Structure formats: structure tokens, C-alpha cells
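Chemist:
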Amino acid sequence: MRNGKRIYVSAFKAWLVEQAHRPDISVAGLALRHGVNANQLRSWMKLEHWQSSPHTLLPVTVVADARPAEVVATTNARQPEAVMEIEVCGTVIRLRGPVDTEQLKAVLAVLRS
1 MRNGKRIYVS AFKAWLVEQA HRPDISVAGL ALRHGVNANQ LRSWMKLEHW
51 QSSPHTLLPV TVVADARPAE VVATTNARQP EAVMEIEVCG TVIRLRGPVD
101 TEQLKAVLAV LRS
């Protein structure tokens, strides 16, 4: 023991992990029989899995003049509709949404005449 922790021989750990992978073996039972904490055995199993699996690198191509993607701000919230109310010669005109200024001028000219 060192610092209150047990030190296990690598060959013992490898053998225990190999046994734990057998389908008829209970990991908790195996650990208990050999005086090892079941969580410790599971961590050795994970470590063995990551060390034994091949690491594959993906091909990468670096482009010299790559430009960042254009970010377009969008919103899911519905914008309130613009409303304009005009009173001309006793007549009230309500305009909603975008207004065509030329059409508005024509309507106002008719009302003023």
C-alpha cells in the first residue's frame, strides 16, 4: 500500500479484466472474490477498452482563403405589425404593415379634394 491505496500488478489487472469480459462472469462477484472494488475493476475495463481500440484520424484539407460563414440573425418571435392611423377631413384611414408611399399620396389627394 502507498498513501492508503493498494498497488496491483499489471498482469493481475489484465487477467482480471479478461475474466470480467466473459459472458458467464459477474463483474461485482469477480471483484469481490479477488478483493478488488467493483468500481475499480470497471474503471480498469474502460481503460483497457480505450487503450485497445484503434484511434483513427480523419483526413483534413486546409483551404488558404476560407471565409467564415455568413451569420444571419433570425427570430422565431413574430414582430408586431405596424399600424398607422391618419384622420383627413373627418375620415380615418388605418394602415397596417408596409405602406406604399405613392398609393398613400394618391388616397390623401382624393380625400383633400
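For the sequence shown, the tail end lands on 113 under our numbering, and the numbers increase by one without skipping.
Idealized CB from N, CA, C, for every residue including glycine.
Predicted model, so just to flag it, every value in this text is computed and none were measured.
Does the contact criterion of 3 or more C-beta pairs under 8 Å hold for the segment 8-17 versus the segment 37-54?
Modeler: Contact between the segment 8-17 and the segment 37-54 is present, because at least three Cβ pairs lie under 8 Å.
Chemist: Mind checking which residues open and close the alpha helix (DSSP H) that includes E81?
Modeler: From DSSP, E81 is part of no alpha helix (DSSP H); its letter is neither H nor E.
Chemist: Determine, using beta carbons only, whether I93 and E85 come nearer to each other than 9 Å.
Modeler: Closer than 9 Å, so yes.
Chemist: Please classify T101: does DSSP put it in a helix, a strand, or coil?
Modeler: Here T101 sits in helix by DSSP.
Chemist: Pick from D100, S113, V72: whose alpha carbon is nearest that of G90?
Modeler: It is S113.
Chemist: Cβ of L104 less than 9 Å from any chain D Cβ?
Modeler: No chain D appears in the structure shown, which is made up of a single protein chain.
Chemist: Would you call the CB atoms of G97 and A109 closer than 9 Å?
Modeler: No, the pair does not count as a contact, with Cβ atoms beyond the cut-off.
Chemist: Using the beta-carbon count (16 or more within 10 Å), is A122 buried or exposed?
Modeler: With the chain represented from 1 up to 113, any question about residue 122 goes unanswered, as that position is not in the structure.
Chemist: Which residue from E18, D100, G4 puts its Cα closest to that of E48?
Modeler: Taking only the C-alpha atoms, the option nearest E48 is E18.
Chemist: Using 9 Å as the threshold, is the C-beta distance between M45 and V71 below it?
Modeler: Cβ atoms of M45 and V71: not closer than 9 Å.
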